[in-house]
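Only one structure is covered here, and it is reproduced in the block below.
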Amino acid sequence: MTKVLMKGNEAIGAAAIEAGCKYFFGYPITPQSELPEYMSKEMPKVGGVFLQAESEIAAINMVYGASGSGARVMTSSSSPGISLKQEGISYIAGAELPCVIVNIMRGGPGLGSIQPSQTDYFQATRGGGNGDYRLVVLAPANVQELVDLIIEGFDIADQYRNPVMILGDGMIGQMMEPVEFKQPKKRDLPEKDWATTGTKGKRKPNIINSLYLAAEELEEHNKKLQEKYKTIKENEVKVESYNIEDADIVIAAYGTTSRIAKTAITQLENEGYKVGLIRPITLWPFPYNEFNKIGDNCKGILTIEMNTGQMVDDVKIATKGRFPVEFYGRTGGMVPTPNEIVKKVKEIYGGEK
Amino acid sequence: MAVVFEKTKGLTDAQTHYCPGCTHGIVHRLVAESLEELGVLDEAIGVAPVGCSVLAYKYFNCDMHEAAHGRAPAVATGIKRVHPENFVFTYQGDGDLASIGTAEIVHAAHRGEKISTIFINNAIYGMTGGQMAPTTLIGQKATTAPYGRDKEHCGMPLKMAEMLATIDGAQFVERVAVNTPGNARKAKKAIKKCFQTQIEGKGFGIVEVLSTCPTNWGYTPVEALKWLEENMIPYYPLGNLRTPEEVE
Chain A
1 MTKVLMKGNE AIGAAAIEAG CKYFFGYPIT PQSELPEYMS KEMPKVGGVF LQAESEIAAI
61 NMVYGASGSG ARVMTSSSSP GISLKQEGIS YIAGAELPCV IVNIMRGGPG LGSIQPSQTD
121 YFQATRGGGN GDYRLVVLAP ANVQELVDLI IEGFDIADQY RNPVMILGDG MIGQMMEPVE
181 FKQPKKRDLP EKDWATTGTK GKRKPNIINS LYLAAEELEE HNKKLQEKYK TIKENEVKVE
241 SYNIEDADIV IAAYGTTSRI AKTAITQLEN EGYKVGLIRP ITLWPFPYNE FNKIGDNCKG
301 ILTIEMNTGQ MVDDVKIATK GRFPVEFYGR TGGMVPTPNE IVKKVKEIYG GEK
Chain B
1 MAVVFEKTKG LTDAQTHYCP GCTHGIVHRL VAESLEELGV LDEAIGVAPV GCSVLAYKYF
61 NCDMHEAAHG RAPAVATGIK RVHPENFVFT YQGDGDLASI GTAEIVHAAH RGEKISTIFI
121 NNAIYGMTGG QMAPTTLIGQ KATTAPYGRD KEHCGMPLKM AEMLATIDGA QFVERVAVNT
181 PGNARKAKKA IKKCFQTQIE GKGFGIVEVL STCPTNWGYT PVEALKWLEE NMIPYYPLGN
241 LRTPEEVE
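Quick mapping for you: the protein sequence lines, in order, are chains A and B.
Numbering follows UniProt numbering, with no gaps: position 317 of the first sequence is 317.
Numbering follows UniProt numbering, with no gaps: position 178 of the second sequence is 178.
Here it is in structure tokens:
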């Protein structure tokens with residue numbers, strides 16, 4: 001298949017349609033509005049539905065209804081809008097429904113800015129809404145990967161009956177790159193016999209619900225959810241690593257910052273430094289075990305993010321105190337440059353080599 | 001022996017949790033009978049709210065969703081857009097529909113979603129223990145209005161049916177009460193017309209049902225029916241506000 005040049009936000013829409021998503025409920029917010037715009041144009045052509053909801057809250061609850069009645073469905077927003085969706089996301093996770101939620105992150109807190117950031121790492125990987133639940137969180141670093149993860153994300157959601165979040169930053173959403181649309185590895189997806197489609201007089205009513213008034217029942221439900229999350233942790237970790245066995249310093253970065261880190265690593269290698277990279281592709285489940293492969297000669301881990309150090313906690317859990325964990329980040333829509341990263345790495349080395 | 005009465009197939013055999021004298025039970029039966037009589041029970045997908053009728057998904061004998069507080073019309077929108085051939089309804093109280101869920105109900109009506117809403121107005125928050133609702137009457141006491149609702153402080157009670165009737169997409173709007181057998185019969189007629197509006201693809205329909213809450217009002221069931229008639233009906237007049245021509 002030939003490659004086409006697409007903007008990240010539009011590529012998300014095309015990938016979703018490729019994955020068989022026929023329903024999109026959204027609300028405008030910068031920097032992701034190209035996605036609902038694209039869907040409003042393309043969904044009618046494939047017999048699907050695009051609906052602009054009255055709010056992000058309504059949009060996610062439409063997703064809850066559509067998913068519960070058996071559809072492949074998606075919504076998207078950016079940080080403040082994703083905050084509004086948390087109520088619905090918690091219900092969807094509690095009722096064990098599949099869907100794909102896209103967060104094209106912008107600077108925060110509050111109204112923040114419209115510039116790219118990675119400030120919703122905690123919100124995405126720790127649940128975000130009320131209760132003990134997890135989203136599968138996928139962090140693409142380029143538009144091709146964004147497309148691949150959207151398509152696979154629908155399958156992951158269906159396989160585990162769990163919401164999947166695509167965590168991109170404004171940079172990924174706005175950049176144009178060549179992409180092709182490929183089907184992911186085939187998964188054995190369960191029938192949606194739980195969906196509300198009307199009983200047709202042939203079965204008992206199906207009920208979509210996250211309410212368990214009896215404490216022991218809710219505890220059982222939570223145990224079941226935790227068992228599912230354990231299976232996801234065992235099966236779905238995705239990570240890219242580069243030269244971590246004998247690196248002096250390993251950079252940990254995801255999404256846009258991992259690309260900048262790669263440029264910095266090339267520059268550092270040319271100057272004789274041995275720098276590795278761990279790039280989590282799934283932020284939840286986090287690739288903790290990958291950090292075990294780092295060689296003992298490593299002087300430290302440098303986490304780079306467009307926030308004030310939210311992934312640092314996971315990196316510290318992963319390294320179990322084996323190495324010092326340093327952080328470099330920019331916020332507010334500021335993007336770190338390769339030179340800033342080079343300078344920070346040299347600092348950890350203890351100055352110029 | 002001739003069968004003179006049978007429980008509708010639209011209700012399950014579950015025992016309801018409603019308080020003695022509460023009129024939710026009557027409205028459940030009217031809704032369930034209407035679903036059965038219109039032949040849409042097997043196609044029906046209902047959405048239960050948060051509030052006293054939070055467990056309605058156990059009582060209606062059809063596919064059901066439990067929604068977040070106030071969001072039932074958005075959930076129903078998602079369902080109906082996926083299954084336009086199915087019959088989709090929401091069952092919501094006044095805290096759910098007239099307070100936290102005003103945006104969702106207004107915009108479902110505004111889009112002319114082909115769904116039907118049963119709106120229980122009992123002028124109070126029942127499930128949480130008798131707090132003031134947007135529909136609580138002036139002077140009526142509630143646990144968060146211990147001196148009685150004061151217009152200067154809280155505004156006048158919200159007339160949802162009248163407000164929704166101003167929206168073009170709301171094709172069927174009627175307010176009924178279930179305080180007497182006669183009113184209950186009229187309520188059922190309205191519910192069936194409301195459902196017919198959806199079946200014929202005419203648009204959004206809502207029936208506001210004036211209902212009692214003896215427990216939180218602090219009355220016996222009989223006193224509560226009287227209080228509804230003497231206090232609620234004068235402020236919330238019964239009657240049809242909108243019907244699409246073909247459904248009349």
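Every residue, glycine too, gets a C-beta built ideally from N, C-alpha and C.
As the structure is a prediction and not an experimental result, all values here were calculated from the model.
* Asked: Using a beta-carbon distance below 9 Å, is cysteine 52 of chain B in contact with chain A?
  -> No, cysteine 52 of chain B does not count as interfacial toward chain A.
* So, residue 416 of chain A versus proline 338 of chain A, is the Cβ gap smaller than 9 Å? -> Any property of residue 416 of chain A remains undetermined from this structure, which presents chain A solely from 1 to 353.
* To do: Can you have a look at asparagine 206 of chain A and say buried or exposed, based on whether 16 or more other CB atoms are within 10 angstroms of its CB?
  => Result: buried.
* Reduced DSSP category for isoleucine 244 of chain A - H, G, I as helix; E, B as strand; rest coil -> Residue state, collapsed to three classes: coil.
* Decide if glycine 101 of chain B is buried, meaning its Cβ has at least 16 other Cβ atoms within 10 Å, or exposed. => With 16 or more other Cβ atoms from the protein chains shown falling within 10 Å of its own Cβ, glycine 101 of chain B counts as buried.
* Sequence-distant residues of the same chain with beta carbon closer than 6 Å to glycine 203 of chain B, five excluded per side -> Excluding residues within five positions, the ones whose Cβ falls inside 6 Å are Gly112, Gly169, Gln171.
* To do: Might you give, ordered along the chain, the residues of its own chain that have their beta carbon closer than 6 Å to the beta carbon of glutamate 10 of chain A, omitting 5 neighbours on each side?
  => Scanning its chain for C-beta atoms nearer than 6 Å, with the 5 sequence neighbours on each side dropped, one finds around glutamate 10 of chain A the residues Glu34, Tyr38, in chain order.
* Asked: Which chain A residues are close to histidine 65 of chain B, counting only those with a beta carbon under 7 Å from its beta carbon?
  -> Within 7 Å Cβ-Cβ: Gly65, Gly68, Thr196, Ile208.
* Using 9 Å as the limit for Cβ to Cβ distance, is lysine 293 of chain A near chain B? -> Output row for lysine 293 of chain A: interface = no.
* **Residue span of the alpha helix (DSSP H) that contains proline 221 of chain B, given as start and end** => Counting along the chain, the alpha helix (DSSP H) containing proline 221 of chain B begins and ends at 221-227.
* In terms of residues, what are the limits of the beta strand (DSSP E) holding threonine 75 of chain A? -> 73-77 is the extent of the beta strand (DSSP E) around threonine 75 of chain A.
* Inspect the CB distances between the region 82-91 of chain A and the region 60-68 of chain A and report whether three or more fall short of 8 Å. => Touching, yes.
* Give a yes or no on whether the C-beta atoms belonging to isoleucine 265 of chain A and isoleucine 166 of chain A are separated by under 9 Å. => Not in contact: isoleucine 265 of chain A and isoleucine 166 of chain A (Cβ atoms no closer than 9 Å).
* Which word fits alanine 133 of chain B, buried or exposed, when buried means at least 16 other C-beta atoms lie within 10 angstroms of its C-beta? -> By the neighbour-count rule (16 or more Cβ atoms within 10 Å), alanine 133 of chain B is buried.
* If you follow the alpha helix (DSSP H) that glycine 13 of chain A is part of, which residue opens it and which one closes it? -> Counting along the chain, the alpha helix (DSSP H) containing glycine 13 of chain A begins and ends at 8-18.
* One or two residues paired with aspartate 63 of chain B in a DSSP bridge -> The partner list for aspartate 63 of chain B (beta bridge, DSSP) reads B/Ile45.
* To do: Please go through the same chain and pick out, in chain order, the residues whose beta-carbon is closer than 6 Å to the beta-carbon of residue 279 of chain B, but skip the five residues on each side of it.
  => One cannot answer for residue 279 of chain B here, as it falls past the ends of chain B, which runs 1 to 248.
* Looking at the C-beta of isoleucine 45 of chain B, does it have a partner C-beta in chain A at a distance below 9 Å? -> Closer than 9 Å: yes.
* Is there a Cβ from chain B that is less than 9 Å from the Cβ of asparagine 162 of chain A? -> Not flagged as an interface residue toward chain B: asparagine 162 of chain A, since no C-beta distance is shorter than 9 Å.
* To do: Use the C-beta contact count for glycine 182 of chain B: other C-beta atoms within 10 angstroms, 16 or more gives buried, fewer gives exposed.
  => Counting of Cβ neighbours within 10 angstroms places glycine 182 of chain B among the exposed residues, the total staying below 16.
* Members of the region 87-115 of chain A near chain B, C-beta cut-off 7 Å -> Listed in sequence order: Glu87, Gly88, Tyr91.
* Asked: How would you list, in chain order, the residues of chain A whose beta-carbon sits under 9 Å from the beta-carbon of histidine 153 of chain B?
  -> Within chain A, no residue comes near histidine 153 of chain B; the closest Cβ sits about 27 Å away, beyond 9 Å.
* Whole-angstrom Cβ separation of glutamate 326 of chain A and isoleucine 151 of chain A, contact assumed at under 8 Å? -> At roughly 36 Å, the Cβ-Cβ gap does not stay under 8 Å, so glutamate 326 of chain A and isoleucine 151 of chain A are not in contact.
* **Contacting residues, own chain, Cβ-Cβ under 6 Å from glycine 78 of chain B (five flanking each side not counted)** => Answer for glycine 78 of chain B: no residue qualifies.
* Could you tell me whether any Cβ in chain B is nearer than 9 Å to the Cβ of isoleucine 201 of chain A? => The sequence as given places glycine at residue 201 of chain A; isoleucine does not occur at that position. Residue contact with chain B for glycine 201 of chain A: present (Cβ-Cβ distance below 9 Å to some residue of chain B).
* Asked: If you measure from the beta carbon of aspartate 168 of chain B to each beta carbon in chain A, is any gap under 9 Å?
  -> For aspartate 168 of chain B, the answer is no, since every Cβ of chain A falls outside 9 Å of its Cβ.
* Report the residue from B/Leu137, B/Pro146, B/Asn216, B/Thr117 whose alpha carbon sits nearest the alpha carbon of lysine 193 of chain B. => Taking the Cα of lysine 193 of chain B as reference, the smallest distance to any Cα among B/Leu137, B/Pro146, B/Asn216, B/Thr117 is reached at B/Thr117.
* To do: Give the interface partners of histidine 107 of chain B over in chain A, defined as CB-CB distance under 7 Å, in chain order.
  => The answer, in chain order, is Glu54, Ala58.
* Could you give the residue range of the beta strand (DSSP E) that holds proline 280 of chain A? -> 275-280 is the extent of the beta strand (DSSP E) around proline 280 of chain A.
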